[in-house]
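Chemist:
Number of protein chains: 2
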Amino acid sequence: MVFNQPKIRIKDIAEMAGVSVGTVDRVIHGRSNVSKLALEKVQKVLDEIHYVPNHYASALASNKVYNFAAILPMHKEDSYWARAEEGLYEGVKRYTDFKLSFKVFRYDQFNEESFEQQARSLLAYDPCAVIIGPIFNHRIMTKFTQKLENKNIPYSLLDSYWADLNPVTFYGQDARRSGEFSAKIILMAAANHKKIALFKLLGEGRVASRQQLDREEGFRKYVKTHSPETEIVDLNLYAYDKDGMKDSMFKFFTENSDIRYGLSFNSSIHVIGNFLKDNMPDHPKITLLGYDAIDANIKCMRDGYVDFLVGQHPQHQGLNCFRSIFNSCVLHMKQEKLHYVGIELIMPENLDFYKD
Amino acid sequence: MVFNQPKIRIKDIAEMAGVSVGTVDRVIHGRSNVSKLALEKVQKVLDEIHYVPNHYASALASNKVYNFAAILPMHKEDSYWARAEEGLYEGVKRYTDFKLSFKVFRYDQFNEESFEQQARSLLAYDPCAVIIGPIFNHRIMTKFTQKLENKNIPYSLLDSYWADLNPVTFYGQDARRSGEFSAKIILMAAANHKKIALFKLLGEGRVASRQQLDREEGFRKYVKTHSPETEIVDLNLYAYDKDGMKDSMFKFFTENSDIRYGLSFNSSIHVIGNFLKDNMPDHPKITLLGYDAIDANIKCMRDGYVDFLVGQHPQHQGLNCFRSIFNSCVLHMKQEKLHYVGIELIMPENLDFYKD
DNA sequence: TTTGTAACAGTGTGCGCACACAATTATGGG
DNA sequence: CCCATAATTGTGTGCGCACACTGTTACAAA
Numbered sequence: 086m087v088f089n090q091p092k093i094r095i096k097d098i099a100e101m102a103g104v105s106v107g108t109v110d111r112v113i114h115g116r117s118n119v120s121k122l123a124l125e126k127v128q129k130v131l132d133e134i135h136y137v138p139n140h141y142a143s144a145l146a147s148n149k150v151y152n153f154a155a156i157l158p159m160h161k162e163d164s165y166w167a168r169a170e171e172g173l174y175e176g177v178k179r180y181t182d183f184k185l186s187f188k189v190f191r192y193d194q195f196n197e198e199s200f201e202q203q204a205r206s207l208l209a210y211d212p213c214a215v216i217i218g219p220i221f222n223h224r225i226m227t228k229f230t231q232k233l234e235n236k237n238i239p240y241s242l243l244d245s246y247w248a249d250l251n252p253v254t255f256y257g258q259d260a261r262r263s264g265e266f267s268a269k270i271i272l273m274a275a276a277n278h279k280k281i282a283l284f285k286l287l288g289e290g291r292v293a294s295r296q297q298l299d300r301e302e303g304f305r306k307y308v309k310t311h312s313p314e315t316e317i318v319d320l321n322l323y324a325y326d327k328d329g330m331k332d333s334m335f336k337f338f339t340e341n342s343d344i345r346y347g348l349s350f351n352s353s354i355h356v357i358g359n360f361l362k363d364n365m366p367d368h369p370k371i372t373l374l375g376y377d378a379i380d381a382n383i384k385c386m387r388d389g390y391v392d393f394l395v396g397q398h399p400q401h402q403g404l405n406c407f408r409s410i411f412n413s414c415v416l417h418m419k420q421e422k423l424h425y426v427g428i429e430l431i432m433p434e435n436l437d438f439y440k441d
Numbered sequence: 086m087v088f089n090q091p092k093i094r095i096k097d098i099a100e101m102a103g104v105s106v107g108t109v110d111r112v113i114h115g116r117s118n119v120s121k122l123a124l125e126k127v128q129k130v131l132d133e134i135h136y137v138p139n140h141y142a143s144a145l146a147s148n149k150v151y152n153f154a155a156i157l158p159m160h161k162e163d164s165y166w167a168r169a170e171e172g173l174y175e176g177v178k179r180y181t182d183f184k185l186s187f188k189v190f191r192y193d194q195f196n197e198e199s200f201e202q203q204a205r206s207l208l209a210y211d212p213c214a215v216i217i218g219p220i221f222n223h224r225i226m227t228k229f230t231q232k233l234e235n236k237n238i239p240y241s242l243l244d245s246y247w248a249d250l251n252p253v254t255f256y257g258q259d260a261r262r263s264g265e266f267s268a269k270i271i272l273m274a275a276a277n278h279k280k281i282a283l284f285k286l287l288g289e290g291r292v293a294s295r296q297q298l299d300r301e302e303g304f305r306k307y308v309k310t311h312s313p314e315t316e317i318v319d320l321n322l323y324a325y326d327k328d329g330m331k332d333s334m335f336k337f338f339t340e341n342s343d344i345r346y347g348l349s350f351n352s353s354i355h356v357i358g359n360f361l362k363d364n365m366p367d368h369p370k371i372t373l374l375g376y377d378a379i380d381a382n383i384k385c386m387r388d389g390y391v392d393f394l395v396g397q398h399p400q401h402q403g404l405n406c407f408r409s410i411f412n413s414c415v416l417h418m419k420q421e422k423l424h425y426v427g428i429e430l431i432m433p434e435n436l437d438f439y440k441d
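From first to last, the protein sequence lines stand for chains A and B.
Quick note, the first sequence lines up with residues 86 to 441 if you use my numbering.
Quick note, the second sequence lines up with residues 86 to 441 if you use my numbering.
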């Protein structure tokens with residue numbers, strides 16, 4: 086039997102210490118104008134009883150308005166970041182009983198100046214806390230977080246993490262380990278087949294995020310260790326050139342007609358799947374693995390053209406990230422810092438139960 | 086930009102309707118002593134504005150004590166139910182700002198009379214809401230939930246679900262689908278090997294839960310459909326007879342020396358793994374799949390004797406189950422009813438990120 | 001008309017806390 | 001010793017709501 090024991094209130098502490106609630110309040114909040122004697126009396130009681138305030142009553146009484154902000158990469162409707170952002174909104178919605186506002190600033194992942202510009206706007210907005218979907222460039226990130234720290238604005242990181250930053254919380258996946266995980270799966274599926282295609286869909290001529298690089302690194306390391314005889318064949322595709330992409334794929338699958346397994350480290354595996362479905366319907370089955378259960382990938386999986394997806398619950402990440410910073414700022418609750426989310430395998434068999 | 090728009094309070098409604106807050110309060114709570122005219126005026130305003138109360142202020146003001154109860158199977162320290170129960174406690178702990186108590190009643194899964202006895206104690210405790218870890222016997226379950234419904238006590242189900250019951254919420258896994266999932270994984274791992282061992286660890290001479298039966302059913306169906314030539318070899322083990330178990334395993338692995346793949350549908354796969362590790366160290370590798378990332382299984386996986394685990398986040402299930410019934414009872418928030426948790430694959434590569 | 005009673009409506013208090021403000025005490029200069 | 005001022009402490013109000021209580025009105029019986 087668990088009983089949340091009758092909670093000690095400020096009033097009780099005041100009584101025990103023989104002072105008024107005002108004094109206890111001042112001590113608890115470290116406000117000035119407390120005599121040494123009174124402070125000692127209160128402190129003694131506090132030391133004994135381990136006071137935990139009623140966070141909800143506290144927030145109710147303080148009646149403050151909290152302005153949260155996020156700075157995230159621009160994104161398409163059906164994407165990791167779209168889901169993560171939805172999660173953030175869901176978090177806001179969960180706390181309609183409090184006075185919150187939430188503003189999202191979006192930057193172009195391929196344009197560092199755009200990040201700095203949005204960062205400036207964000208700082209001008211003067212939020213009480215910030216959620217960051219980090220930009221690739223470490224120096225620019227540090228510059229920004231430094232500014233936040235100088236202004237005493239707490240921040241949380243979403244998706245990728247740097248050890249030298251000091252966020253309130255981090256929510257994201259261990260990218261390298263998730264690359265190893267993908268390797269294990271695709272090698273298992275491939276069994277004795279020793280050739281694997283690695284599709285790289287490049288946004289502006291380069292990989293957008295550190296996450297993708299780390300996944301690939303983990304993947305290559307794992308394959309090298311566990312199946313050194315397996316050959317990895319790369320195919321680079323440039324998203325801004327639709328026709329060129331199609332040609333490249335034709336050429337690739339014709340030249341590498343023995344390819345039966347392939348993967349990609351971002352959420353675009355549906356591009357390959359749909360290409361095969363629409364343009365090479367007679368090609369022998371190619372087993373595909375990709376990242377993120379976005380709608381396009383899910384559809385492609387239901388059609389039978391994508392076989393494995395590695396999921397990371399972006400919406401949960403967003404929701405929990407918001408929740409953590411809310412708990413920290415509004416309810417003054419201490420938060421666990423690092424939250425590496427699970428590395429989840431999605432297949433047609435469990436797709437229905439993968440919910441964001 | 087999202088702004089939680091300035092919330093409309095009871096006071097505002099009163100003003101708009103031209104009545105006092107008391108009257109609004111009576112209308113909102115459906116209390117009596119409201120004239121038709123006043124009711125209409127308030128109702129009109131309510132219809133226009135879609136009032137959502139401040140749940141936290143409401144709970145604070147009502148200052149009620151809530152007694153929750155759970156009825157769960159007895160369990161060992163390191164088990165699915167132990168984790169689920171921890172999750173429930175965590176839920177209680179999260180709401181120390183409210184006046185809650187929580188009492189757990191434990192019954193013997195193999196003794197229906199024991200369930201009925203605990204159910205009686207529970208009813209005598211007169212809780213405001215109940216969490217049920219269902220007993221196998223459908224008739225007994227229905228009898229119990231019927232009693233709860235008669236007393237207007239809401240209940241939630243944990244782990245297994247019956248469509249003809251009407252719980253506030255359900256948290257658990259779709260057992261049949263999870264069996265199919267296991268089949269897919271083990272068939273993929275087995276590649277061209279066409280023999281799979283099915284280990285059944287029986288507590289009191291029979292399988293304890295419907296979940297296990299359903300998993301097996303899903304598994305067999307999937308194998309039959311996707312790999313009809315695969316042979317499934319059963320091994321029954323009786324937990325109460327340790328020596329007999331060991332003998333059975335020796336005999337089994339000697340007679341079926343070509344077995345390379347095996348699985349079990351409860352959390353006891355570590356028994357097989359540890360047997361192989363301790364007693365047949367020279368036996369060729371046997372790939373094992375089991376359920377639940379309990380400590381014994383995790384250890385066995387780290388030792389390299391269990392390869393796959395199907396997880397279901399029991400602690401999350403417990404926590405969320407408690408949270409849902411708390412939200413429903415205390416904060417009067419509407420709850421989504423069915424929560425099928427994900428079917429998760431755990432391997433050494435993502436084990437570190439599988440957290441409860 | 002008066003009076004009793006039921007139906008209805010409005011006010012006040014308190015949940016636990018934050019914070020403004022009032023009251024009290026201490027300190028020091030004249 | 002007195003008074004101005006600062007330092008300290010205590011009290012009151014309100015956050016949004018629930019609920020008890022008091023006050024008001026209507027209406028029927030006497």
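Beta carbons are placed, not taken as given, at the ideal position from N, Cα and C, and that holds for glycine.
Report the rounded CA-to-CA distance for A:Leu394 versus B:Phe438, giving the unit in angstroms.
Modeler: Computed Cα separation, rounded: 17 Å.
Chemist: Residue range of the beta strand (DSSP E) that A:Gly442 falls in?
Modeler: Here chain A covers residues 86 to 441 and nothing more, so residue 442 of chain A does not appear.
Chemist: Compare the C-beta of B:Lys269 with all C-beta atoms of chain A and state if any pair is closer than 8 Å.
Modeler: Answer yes: the Cβ-Cβ gap between B:Lys269 and chain A drops below 8 Å somewhere.
Chemist: I need the boundaries of the beta strand (DSSP E) containing B:Gly38, first residue and last residue.
Modeler: Residue 38 of chain B falls outside the range modelled here, since chain B spans only 86 to 441, and no answer is possible.
Chemist: What are the start and end residues of the beta strand (DSSP E) that includes A:Lys188?
Modeler: Unbroken beta strand (DSSP E) run through A:Lys188: Lys184 to Tyr192.
Chemist: For B:Ile428, go through chain A and note every residue whose CB falls closer than 7 Å to its CB, in chain order.
Modeler: Chain A residues near B:Ile428: Asn435 and Phe438.
Chemist: Using a Cβ cut-off of 8 Å (strictly closer), state whether B:Asp182 contacts chain A.
Modeler: Closer than 8 Å to some Cβ of chain A, the Cβ of B:Asp182 qualifies, so yes.
Chemist: For the region 154-170 of chain B, list every residue whose C-beta sits within 8 Å of some C-beta in chain A, in sequence order.
Modeler: Listed by position, the residues of the region 154-170 of chain B near chain A (Cβ gap below 8 Å) amount to none.
Chemist: For B:Gly107 versus B:Lys126, is the C-beta distance shorter than 8 Å?
Modeler: Cβ atoms of B:Gly107 and B:Lys126: not closer than 8 Å.
Chemist: Quick one: measure Cβ to Cβ for A:Ser352 and A:Tyr165, integer angstroms, because I've assumed they're closer than 8 Å.
Modeler: Right, their Cβ atoms sit about 6 Å apart.
Chemist: Check the DSSP bridge columns for A:Glu316 and list the partner residues they point to.
Modeler: According to DSSP, A:Glu316 bridges with A:Lys280.
Chemist: With three or more C-beta pairs closer than 8 Å as the rule, is the region 273-282 of chain A touching the region 343-360 of chain A?
Modeler: Segments in contact, yes.
Chemist: Is the distance from the Cβ of B:Asp110 to the Cβ of B:Ile134 below 8 Å?
Modeler: Their beta carbons are not under 8 Å apart, which means B:Asp110 does not touch B:Ile134 by this criterion.
Chemist: When DSSP labels each residue in this structure, what does B:Thr254 get in the three-state scheme?
Modeler: If DSSP states are grouped into helix, strand and coil, B:Thr254 belongs with coil.
Chemist: Beta-carbon separation of A:Lys280 and A:Val318 under 8 Å?
Modeler: Contact flag set, yes.
Chemist: Need the endpoints of the alpha helix (DSSP H) that A:Gly396 sits in, please.
Modeler: Run containing A:Gly396: none in the alpha helix (DSSP H); it sits in the beta strand (DSSP E), Phe393 to Gly396.
Chemist: For B:Val375, which three-state DSSP category applies?
Modeler: In the sequence as displayed, the identity of residue 375 of chain B is Gly instead of Val. Correct three-state label for B:Gly375: strand.
Chemist: Under three-state DSSP, which class holds B:Tyr246?
Modeler: Three-state result, B:Tyr246: coil.
Chemist: So, is the C-beta of B:Tyr346 closer than 8 Å to a C-beta in chain A?
Modeler: Output row for B:Tyr346: interface = no.
Chemist: DSSP three-state label for B:Glu84, please.
Modeler: The shown model of chain B, from 86 to 441, leaves out residue 84 of chain B, and the question about it has no answer.
Chemist: Just reading off the beta strand (DSSP E) that A:Phe153 is part of, what are its end residues?
Modeler: Its beta strand (DSSP E) spans residues Val150 to Pro158.
Chemist: Measure the C-alpha to C-alpha separation of B:Thr339 and B:Asp332 and round it to an integer number of angstroms.
Modeler: Using only the alpha carbons, I get a separation of about 11 Å.
Chemist: Is the beta carbon of A:Asp163 sitting closer than 8 Å to the one on A:Ala381?
Modeler: Yes, they are a contact pair.
Chemist: Give the secondary structure of B:Ser117 by DSSP, where H, G and I count as helix, E and B as strand, and everything else as coil.
Modeler: It is coil, neither helix nor strand.
Chemist: What number of angstroms, rounded off, separates the C-alpha of B:Ile371 from the C-alpha of A:Arg261?
Modeler: So the alpha carbons of these two residues sit roughly 28 Å apart.
Chemist: How would you write the range of the beta strand (DSSP E) that A:Ile217 sits in, first residue to last?
Modeler: Ala214 to Ile217 is the span of the beta strand (DSSP E), which, as asked, contains A:Ile217.
Chemist: Is there contact here, the region 221-235 of chain B with the region 397-414 of chain A, by at least three beta-carbon pairs under 8 Å?
Modeler: Short answer: they don't touch.
Chemist: Could you check what DSSP says for B:His424 in three-state terms: helix, strand or coil?
Modeler: It is a strand residue.
Chemist: Short of 8 Å Cβ to Cβ, which residues in the region 251-267 of chain A face chain B?
Modeler: Going along the region 251-267 of chain A in chain order, one finds Gln258, Asp259, Arg262, Ser263, Glu265 and Phe266 with a Cβ nearer than 8 Å to chain B.
Chemist: What residue range does the alpha helix (DSSP H) around A:Leu416 cover?
Modeler: Careful: A:Leu416 lies outside any alpha helix (DSSP H) and carries neither H nor E.
Chemist: Decide if A:Ser147 is buried, meaning its Cβ has at least 16 other Cβ atoms within 10 Å, or exposed.
Modeler: The residue is exposed, with fewer than 16 neighbouring Cβ atoms inside 10 Å.
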